[in-house]
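Asker: Let me begin by handing over the structure; questions about it come next.
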Amino acid sequence: MSYRFQFRDVFAQKEAIADGVLVTLQLSAVTIGLGFLIGILVAVSLVYGERWLRSLARVYVEVIRNTPLIVQLFLIFFGLPGIGIRLDVMTASLLALTINLGAYTAEIVRAGIESVPKSQIEAGVSLGMTQPQIFRHVVLIPALKNVYPALSSQFVLLMLATSVVSQISAADLFHAGSIIQSRTFRDFEVYTVISVLYLCLTLLMRGGFGLLYHLVFRRK
Amino acid sequence: MSFIELKSVVKRYGSNTVLQDVDLNVEKGEIIAIIGRSGSGKSTLLRCINGLEPVQGGEVWVDRVAVHDPSANLRELRARVGIVFQSFNLFPHLTVQRNITLGPMIVKGLPAAEAATLALAALRKVGLEEKIGAYADELSGGQQQRVAIARSLAMSPSLMLFDEITSALDPELVGEVLLVLEEMAREGMTMLLVTHEMSFARRVAHRVVFMHQGKVWEQAPAKEFFAEPKTVELKSFLSSVIH
Amino acid sequence: MIRELALVDVYFLLLALRWTIGLTLLALLGGGAVGLFVAAFGAARNPVLRGVAMVYVGTVQGIPLLGWLFIFYFGLSIVGYNLPPLVAATVGFSIYAGAFLGEIWRGALVAIPKTQWEAGLSIGLNYIEQLRHVIIPQAVRMAIAPTVGFVVQLIKNTSLAAVIGFVELTREGQLTTASTFQPFSVYLLVALMYFSLCYPLTQYSRVLERKRRVLH
Chain A
5 MSYRFQFRDV
15 FAQKEAIADG
25 VLVTLQLSAV
35 TIGLGFLIGI
45 LVAVSLVYGE
55 RWLRSLARVY
65 VEVIRNTPLI
75 VQLFLIFFGL
85 PGIGIRLDVM
95 TASLLALTIN
105 LGAYTAEIVR
115 AGIESVPKSQ
125 IEAGVSLGMT
135 QPQIFRHVVL
145 IPALKNVYPA
155 LSSQFVLLML
165 ATSVVSQISA
175 ADLFHAGSII
185 QSRTFRDFEV
195 YTVISVLYLC
205 LTLLMRGGFG
215 LLYHLVFRRK
Chain B
728 MSFIELKSVV
738 KRYGSNTVLQ
748 DVDLNVEKGE
758 IIAIIGRSGS
768 GKSTLLRCIN
778 GLEPVQGGEV
788 WVDRVAVHDP
798 SANLRELRAR
808 VGIVFQSFNL
818 FPHLTVQRNI
828 TLGPMIVKGL
838 PAAEAATLAL
848 AALRKVGLEE
858 KIGAYADELS
868 GGQQQRVAIA
878 RSLAMSPSLM
888 LFDEITSALD
898 PELVGEVLLV
908 LEEMAREGMT
918 MLLVTHEMSF
928 ARRVAHRVVF
938 MHQGKVWEQA
948 PAKEFFAEPK
958 TVELKSFLSS
968 VIH
Chain C
910 MIRELALVDV
920 YFLLLALRWT
930 IGLTLLALLG
940 GGAVGLFVAA
950 FGAARNPVLR
960 GVAMVYVGTV
970 QGIPLLGWLF
980 IFYFGLSIVG
990 YNLPPLVAAT
1000 VGFSIYAGAF
1010 LGEIWRGALV
1020 AIPKTQWEAG
1030 LSIGLNYIEQ
1040 LRHVIIPQAV
1050 RMAIAPTVGF
1060 VVQLIKNTSL
1070 AAVIGFVELT
1080 REGQLTTAST
1090 FQPFSVYLLV
1100 ALMYFSLCYP
1110 LTQYSRVLER
1120 KRRVLH
């Protein structure tokens, strides 16, 4: 068996790769922003909501967390047109990813909220604060600080999971692989390079989140 | 009506009755020390007064507000009743200043500048102005407790509740906290203290209440309470406490 | 030729579900074996071993699962012959699961306080005996809840094997959609089947987690 690894051909496709990286980053950033907000809203519903709201939120979280992302994506992109909702590739990708991340974030934030000691809440109550005031001033920041590692890990996982949108031909980094593959026929090299790029993105994101922690939660 | 009136108060945790038929009256300006063994219901009694614990029977009246009524909105009352906890309960993510200004700004709607002035005045009272920008974990236990007191004082309360506030402190830090309490007493604040500090109680309190098995077992003016205990249980309790 | 979605399609989907379960079990076996090494290395006193484990976990967790699947799918066909997608999938999942399981198990090992080791030492046990009689039983109890939680992840992850052509539940869903043109119903069914597999396990891991909290 003789096979010569030809990475140079892959490197020659810099532009396709760069475009892919950009799309992956954009997709991740928007999803994280929206998913984080949805997660907080759903977590608040789970902890403080009326019974019906809690049940609704619980159903959302359980359905999403117990079904695969790719199936959710296919349902949205391929399935919805069947009942009259036709979305373009990017919108479908964003929708599926955001709905997915929202559920995972909700569970993490919920755990964070419940990790704030009851004594803190009592101190707020004793000062005469309302529940929303207590949530905003006493609970939220310590809750997020407590689950920051879990939250940032989840976001990094999300960035990696965006690779699944390549399966509906969204032009992300992983999809760039199939483009380059069809041009160079270097299957193995292509996906090795792309995987290493994802690894670099992971390291950058982890570093970024570490820095963010120091900026937000550490005192001057 | 007295400033605080407890009538036949009953408090249960599940099948465990912690307060049985408690009667207690407190007038404005009085300083009451509440002592007793652990499990006698003293902390629970305090927490029933500002509504942190609901009662299953009887009535709790504070400044004419029916605290025992489940439908009562206690927010307004709580803004006038300060409570200091054994474990300080400072907000760890906020500076000392922010800890103290939070209540006045959020609950009373005071503008930031006014709240800041109040905070500084409260800190001065407890002798910690220089720590205004610090965070809780940069302070000693005694300092944290004094900040907790300042946090309550900034709300200009008409009643202060103290739940064993020196029990979690190293002995050498207790003194600085008691000094603050003595100053408050001199200024005429109505105070209820659950405490183990017998000499402090004898010196500063007007009246001392002995809780035993969920009841007000004996109460008397401070000097008389310690000098001439009437019930067997109080005698045995006092003799077991070194003072 | 388009045909109506019929009971026979449900039947085929259920058959494919067996392959989902099968691949999950294979991944657990392979990943479990790798995970044991990763955990042992990661909890070792030797910093070199710990470093190896750290690099392994960091690399595996820093690349999307799809990436690993494609690397092994194309890589193995270079090295070997034309292997069925099942082999590539098994290898890929084993590598992937090994890192995650290794981290979970390492965490459990490391969580056992030093005092337990000392207790074993002071009654005369050697390293292996300490592991066998004192440490591992406790570590297992600590690790079982997150491990069951990870099995749920694994079941969902097997859906990606569809991309390299392995016919498990998701791939069967794609095929059924192609012949019935009912993507909404088909993928809803597929989701339902995954849910019926994952949800009970999720609940079970929650029960286990509560038990674990009580013990510690």
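Chains as they are written, first to last, in the numbering used here: chain A, 5 to 224; chain B, 728 to 970; chain C, 910 to 1125. Note that CB positions come from ideal geometry on N, CA and C, so glycine has one too. Please read these numbers as outputs of a predicted model, since none were measured by experiment.
Which residue's Cα is closest to the Cα of residue 1019/C: 1036/C, 1044/C, 1007/C and 1055/C?
Answerer: One-based indexing of the third sequence puts residue 1019/C at position 110. Selected option, being the one with the closest Cα: 1044/C.
Asker: If you draw a straight line from the alpha carbon of residue 40/A to that of residue 158/A, how long is it in whole angstroms?
Answerer: As a first step, residue 40/A is located in the first sequence; it is residue number 36 there, counting from the start. As a first step, residue 158/A is located in the first sequence; it is residue number 154 there, counting from the start. Rounded to whole angstroms, residue 40/A to residue 158/A spans 10 Å at the Cα level.
Asker: Show which residues of chain A have a CB atom less than 7 Å away from the CB atom of residue 882/B.
Answerer: Taking the first residue of the second sequence as position 1, residue 882/B is located at position 155. Within 7 Å Cβ-Cβ: 131.
Asker: Starting from residue 71/A, find everything on chain C with Cβ-Cβ shorter than 8 Å and list it in chain order.
Answerer: Reading the first sequence from its first residue, position 67 is the one you call residue 71/A. Within 8 Å Cβ-Cβ: 1065, 1100, 1103, 1104 and 1107.
Asker: Assuming residue 759/B and residue 934/B are in contact, meaning their beta carbons sit under 8 Å apart, how far apart are those beta carbons, in whole angstroms?
Answerer: For the purposes of this step, residue 759/B is identified with residue 32 of the second sequence, where counting begins at 1. For the purposes of this step, residue 934/B is identified with residue 207 of the second sequence, where counting begins at 1. Indeed, because the Cβ distance is near 5 Å, the residues count as touching under 8 Å.
Asker: Identify which residue in 197/A, 16/A, 148/A and 183/A has its Cα closest to the Cα of residue 110/A.
Answerer: To locate residue 110/A, count along the first sequence from 1; it is residue 106. It is 148/A whose Cα lies nearest to the Cα of residue 110/A.
Asker: Going by DSSP, name the residue or residues bridged to residue 788/B.
Answerer: Here residue 788/B is taken as the residue at index 61 of the second sequence, counted from 1. Paired residues: 732/B and 793/B.
Asker: By the DSSP assignment, the beta strand (DSSP E) with residue 962/B in it spans what residues?
Answerer: Counted from its first residue, the second sequence places residue 962/B at position 235. From DSSP, residue 962/B is part of no beta strand (DSSP E) but of the alpha helix (DSSP H) over 959-967.
Asker: At 8 Å on the CB atoms, spell out the chain A contacts of residue 1096/C, in chain order.
Answerer: Taking the third sequence and counting its residues from 1, one reaches residue 1096/C at position 187. Residues of chain A passing the Cβ test: 75, 78, 79, 82 and 83.
Asker: Who pairs with residue 763/B in a beta bridge, going by DSSP?
Answerer: Within the second sequence, residue 763/B is the residue found at index 36, counting from 1. Note: residue 763/B sits in a beta bridge opposite 938/B.
Asker: Considering only their Cβ atoms, is the gap separating residue 20/A from residue 184/A smaller than 8 Å?
Answerer: Sequence index remark: in the first sequence, residue 184/A carries index 180 (1-based). Sequence index remark: in the first sequence, residue 20/A carries index 16 (1-based). The answer is yes: Cβ separation under 8 Å.
Asker: Report the residue from 872/B, 919/B and 740/B whose alpha carbon sits nearest the alpha carbon of residue 752/B.
Answerer: The sequence position of residue 752/B within the second sequence is 25, counting from 1. Per the Cα distances, 919/B.
Asker: Which residues bound the beta strand (DSSP E) around residue 748/B?
Answerer: Sequence index remark: in the second sequence, residue 748/B carries index 21 (1-based). Counting along the chain, the beta strand (DSSP E) containing residue 748/B begins and ends at 743-753.
Asker: Are the beta-carbon atoms belonging to residue 93/A and residue 115/A less than 8 Å from one another?
Answerer: The residue labelled residue 93/A in the question sits at position 89 within the first sequence. The residue labelled residue 115/A in the question sits at position 111 within the first sequence. No, the pair does not count as a contact, with Cβ atoms beyond the cut-off.
Asker: Going by Cα to Cα distance, which pick from 927/B, 803/B and 844/B is closest to residue 885/B?
Answerer: Walking along the second sequence from the start, residue 885/B turns up at place 158. Cα-wise, what sits closest to residue 885/B is 803/B.
Asker: Measuring alpha carbon to alpha carbon, tell me which of 846/B, 748/B and 747/B ends up nearest residue 672/B.
Answerer: With chain B represented from 728 up to 970, any question about residue 672/B goes unanswered, as that position is not in the structure.
Asker: Assuming residue 57/A is part of the alpha helix (DSSP H), what are its boundary residues?
Answerer: The residue you call residue 57/A lines up with position 53 of the first sequence. Start and end: 55-69.
Asker: Going by alpha carbons, who is nearest to residue 142/A out of 907/B, 828/B and 820/B?
Answerer: Mapped onto the first sequence, residue 142/A falls at position 138. That would be 820/B, whose Cα lies nearest to the Cα of residue 142/A.
Asker: Which first and last residues belong to the alpha helix (DSSP H) in which residue 976/C is found?
Answerer: Taking the first residue of the third sequence as position 1, residue 976/C is located at position 67. 974-988 is the extent of the alpha helix (DSSP H) around residue 976/C.
Asker: Scan the segment 978-994 of chain C for residues whose Cβ lies nearer than 7 Å to a Cβ of chain A and list them as they occur along the chain.
Answerer: For the segment 978-994 of chain C, which is checked against every Cβ of chain A, the residues closer than 7 Å are 979, 980, 983, 984 and 987.
Asker: Assign residue 887/B to one of three DSSP states: helix, strand, or coil.
Answerer: As a working mapping, residue 887/B is identified with position 160 in the second sequence. Here residue 887/B sits in strand by DSSP.
Asker: Quick one: which unbroken beta strand (DSSP E) runs of 3-plus residues sit fully inside the segment 930-978 of chain C? Chain order, please.
Answerer: Taking only runs of at least 3 residues, no beta strand (DSSP E) segment lies wholly in the segment 930-978 of chain C.
Asker: Give, in chain order, every residue of the segment 94-124 of chain A whose Cβ lies closer than 9 Å to some Cβ of chain B.
Answerer: Answer set for the segment 94-124 of chain A: 121, 123 and 124.
Asker: List the whole-angstrom C-beta distance separating residue 1079/C from residue 1071/C, where the pair is believed to meet the contact cut-off of C-beta under 8 Å.
Answerer: Here residue 1079/C is taken as the residue at index 170 of the third sequence, counted from 1. Here residue 1071/C is taken as the residue at index 162 of the third sequence, counted from 1. The pair is a contact, with the Cβ atoms about 4 Å apart (cut-off 8 Å).
Asker: Return no unless some Cβ of chain A is closer than 8 Å to the Cβ of residue 1068/C.
Answerer: Position 159 of the third sequence, counted from the start, is the residue given in the question as residue 1068/C. At least one chain A Cβ lies under 8 Å of residue 1068/C.
Asker: Could you say if the segment 769-781 of chain B and the segment 944-952 of chain B meet the contact criterion of at least three C-beta pairs nearer than 8 Å?
Answerer: The answer is no - the segment 944-952 of chain B does not touch the segment 769-781 of chain B, with fewer than three Cβ pairs under 8 Å.
Asker: Compare the C-alpha of residue 155/A against each of 66/A, 70/A, 214/A and 88/A and name the closest.
Answerer: Taking the first residue of the first sequence as position 1, residue 155/A is located at position 151. Here the closest residue by C-alpha is 214/A.
Asker: For residue 819/B, would you say it is in contact with chain A, using Cβ-to-Cβ distances shorter than 8 Å as the test?
Answerer: Counted from its first residue, the second sequence places residue 819/B at position 92. Residue 819/B counts as touching chain A.
Asker: Is it the case that the segment 990-998 of chain C contacts the segment 917-925 of chain C, given that we only count it when at least three CB pairs across the two stretches are under 8 Å?
Answerer: Result no; under three Cβ-Cβ pairs closer than 8 Å.
Asker: Of the choices 1119/C, 1066/C, 1106/C and 1107/C, whose alpha-carbon is the least far from that of residue 977/C?
Answerer: Taking the third sequence and counting its residues from 1, the one referred to as residue 977/C is at position 68. Closest option to residue 977/C, Cα to Cα, is 1066/C.
Asker: Measuring CB atoms only, is the segment 54-67 of chain A touching the segment 191-202 of chain A, in the sense that at least three cross pairs come out at less than 8 Å?
Answerer: Cβ pair count under 8 Å is below three, so no.
Asker: Give me the Cα-Cα distance between residue 800/B and residue 900/B, rounded to the nearest whole angstrom.
Answerer: Taking the second sequence and counting its residues from 1, one reaches residue 800/B at position 73. Taking the second sequence and counting its residues from 1, one reaches residue 900/B at position 173. Between residue 800/B and residue 900/B, the C-alpha separation is close to 37 Å.
Asker: Apart from the five residues on each side of it in sequence, which residues of its chain come closer than 6 Å, Cβ to Cβ, to residue 1047/C?
Answerer: What you label residue 1047/C is simply residue 138 of the third sequence in a count that begins at 1. Taken in chain order, the residues that qualify are 1021.
Asker: From the DSSP output, read off the bridge partner residues of residue 918/B.
Answerer: Looking up residue 918/B in the second sequence gives position 191. Residue 918/B pairs with 758/B and 887/B.
Asker: Taking only three categories from DSSP, how would you classify residue 224/A?
Answerer: Within the first sequence, the letter at position 220 stands for residue 224/A. Only weak support exists for where residue 224/A lies, its pLDDT of 46 falling under 50; the value from the coordinates is given anyway. Residue state, collapsed to three classes: coil.
Asker: Can you tell me whether residue 226/A is buried or exposed, with buried defined as 16 or more other CB within 10 angstroms of its CB?
Answerer: Because chain A is modelled from 5 through 224, residue 226/A falls outside the range shown and cannot be assessed.
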